[in-house]
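These notes concern the structure reproduced below.
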Amino acid sequence: MSVANTPCAIATYSPAYTIVPTYECFNRCTYCNFRTDPGKSPWMTLSAAENILKRLQKEKVCEILILSGEVHPHSSRRQAWFQRIYDLCKLVLALGFLPHTNAGPLSFAEMQQLKSVNVSMGLMLEQLTPKLLETVHRHAPSKLPELRLQQLEWAGELQIPFTTGLLLGIGESANDWRETLQAISNLHQRYHHIQEVILQPHSPGNQQTFDALAFDPHKLPEVIAKARQILPPDITIQIPPNLVKDERWLLSCIETGARDLGGIGPKDEVNPDYPHLQEQELREILQPAGWQLVPRLPVYPQFDSWLSEELQTVVRRWRNFVFA
Ligand code: SF4
1350 MSVANTPCAI
1360 ATYSPAYTIV
1370 PTYECFNRCT
1380 YCNFRTDPGK
1390 SPWMTLSAAE
1400 NILKRLQKEK
1410 VCEILILSGE
1420 VHPHSSRRQA
1430 WFQRIYDLCK
1440 LVLALGFLPH
1450 TNAGPLSFAE
1460 MQQLKSVNVS
1470 MGLMLEQLTP
1480 KLLETVHRHA
1490 PSKLPELRLQ
1500 QLEWAGELQI
1510 PFTTGLLLGI
1520 GESANDWRET
1530 LQAISNLHQR
1540 YHHIQEVILQ
1550 PHSPGNQQTF
1560 DALAFDPHKL
1570 PEVIAKARQI
1580 LPPDITIQIP
1590 PNLVKDERWL
1600 LSCIETGARD
1610 LGGIGPKDEV
1620 NPDYPHLQEQ
1630 ELREILQPAG
1640 WQLVPRLPVY
1650 PQFDSWLSEE
1660 LQTVVRRWRN
1670 FVFA
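Start counting at 1 in the sequence shown, then tack on 1349, and there's your number in our numbering.
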């Protein structure tokens, strides 16, 4: 099966593996199931990453998601942290994979540097409402809504193909969903750089202190339908299938307008208590309902021309690659 675009009756996914440069993070979002305290998570070495990547060369993996906890922008360790992420991206490329980095808010210069070694990048907007700064984000300076909006704007200015999204069920209202979606839509209409919007339902895990139920999956199709009305048609809506347990609701999400299932790999690092369904299991759910599951690259074809010649060469190889 060759890598394809997304005509109707097709749902896509990205054959992916997540590398975590570090779990340490200076923010303390109360729903987090990922972080450790600063200094408490050893950084991934280049040789450890190389061992993992060499093993993956024998598997059907295309995207390497580089997902990192954050070192404070004013920390004396920030430069070394950033350099490690940059070097990991270069290694990923050298070994033939396509890097996509999500490392929290970056300076303009950091974002510009990472553009040269990533085919796309990402940052969840989550929710724009400032009321969350009094609750789940009380100790999370990186979750300032204006800071995150600025990241999306800089990505547009720098022509970085970008993935963002909403975290649902952390204390926001339906009106807050609309405002956040509208803000994404407005920025996309200026820069045309958003390739996907993830709608991620809050799913409680073992590490978090936020004491709230999971986002009701029955409400997800309703949010997807709203999002489809607000977002321009060239933005794909993505849902994480491991967080929508019931097959009927997964199909209902796709029928309502979600067309991508995100990166499918051995572990969901953000929601480690929710194992991914693997490609074959997803196919068995989708096919009887008339949906074909097709692998895609972490950069959508309309953005190829934004990439450097070097990155385009690697992407071209993958576009011609036969997965099976
Ligand atoms: S959710 Fe992200 S930013 Fe918040 S504490 Fe966890 S790793 Fe840090």
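Ideal Cβ positions, reconstructed from N, Cα and C, are used throughout, including at glycine.
Can you say whether V1352 is buried or exposed, counting buried as having 16 or more other CB atoms within 10 angstroms of its CB? With a pLDDT of 41 at V1352, under the threshold of 50, the predicted position of this residue should be treated as unreliable, though the coordinate-derived value follows. Per the 10 Å Cβ criterion, buried.
From A1452 to L1481, what distance separates their C-alpha atoms? 21 Å
Reduced DSSP secondary structure (H/G/I, E/B, other) of P1647: coil
Which runs of the alpha helix (DSSP H), 4 residues or longer, sit entirely within the region 1571-1656? 1596-1605, 1628-1635
Shell residues, 5 Å Cβ cut-off relative to heavy atoms of the ligand SF4: C1374, N1376, C1378, C1381, F1383, R1384, G1418
Residue from M1460, A1443, S1552, T1585 with nearest C-alpha to L1402: A1443
Reduced DSSP category for I1400 - H, G, I as helix; E, B as strand; rest coil: For the sequence presented, residue 1400 should be read as Asn rather than Ile. Of the three classes helix, strand and coil, the one that applies to N1400 here is helix, per DSSP.
Taking only the alpha-carbon atoms, compute the straight-line gap between S1491 and Q1508 and give it to the nearest angstrom. 23 Å
State the DSSP-derived secondary structure class of S1417, mapped to helix, strand or coil. coil
Residue range of the alpha helix (DSSP H) that includes I1434: 1427-1443
Nearest to F1511 by alpha carbon, out of T1484, D1617, S1469, Q1531? S1469
Leaving out five residues before and five after L1660 in sequence, what residues of the same chain have Cβ atoms less than 7 Å from its Cβ? V1468
Any idea which residues DSSP pairs Q1499 with across the strands? None; Q1499 has no bridge partner.
For Y1362, which of L1646, T1662, I1579 has the nearest alpha-carbon? L1646
Rounded C-alpha distance that separates T1385 from G1418: 8 Å
Taking the alpha-carbon positions, what's the Y1366 to L1437 distance? 13 Å
N1400 to K1575 span [Cα, whole Å]: 44 Å
Under the DSSP definition of a beta bridge, which residues are partnered with I1359? Q1641
Just confirm the distance between the C-beta atoms of Q1499 and L1472, as a whole number of angstroms; I'd bet it's less than 8 Å. About 10 Å separates the two Cβ atoms, so there is no contact after all.
In terms of alpha-carbon separation, which member of D1622, G1388, C1411 lies closest to G1612? C1411
Taking the straight line between their C-alpha atoms, what separation do you get for L1656 and V1546? 21 Å
With a Cβ-Cβ cutoff of 8 Å, do V1572 and L1517 count as a contact? yes
Let me know the secondary structure DSSP gives Y1540 once reduced to three states. helix
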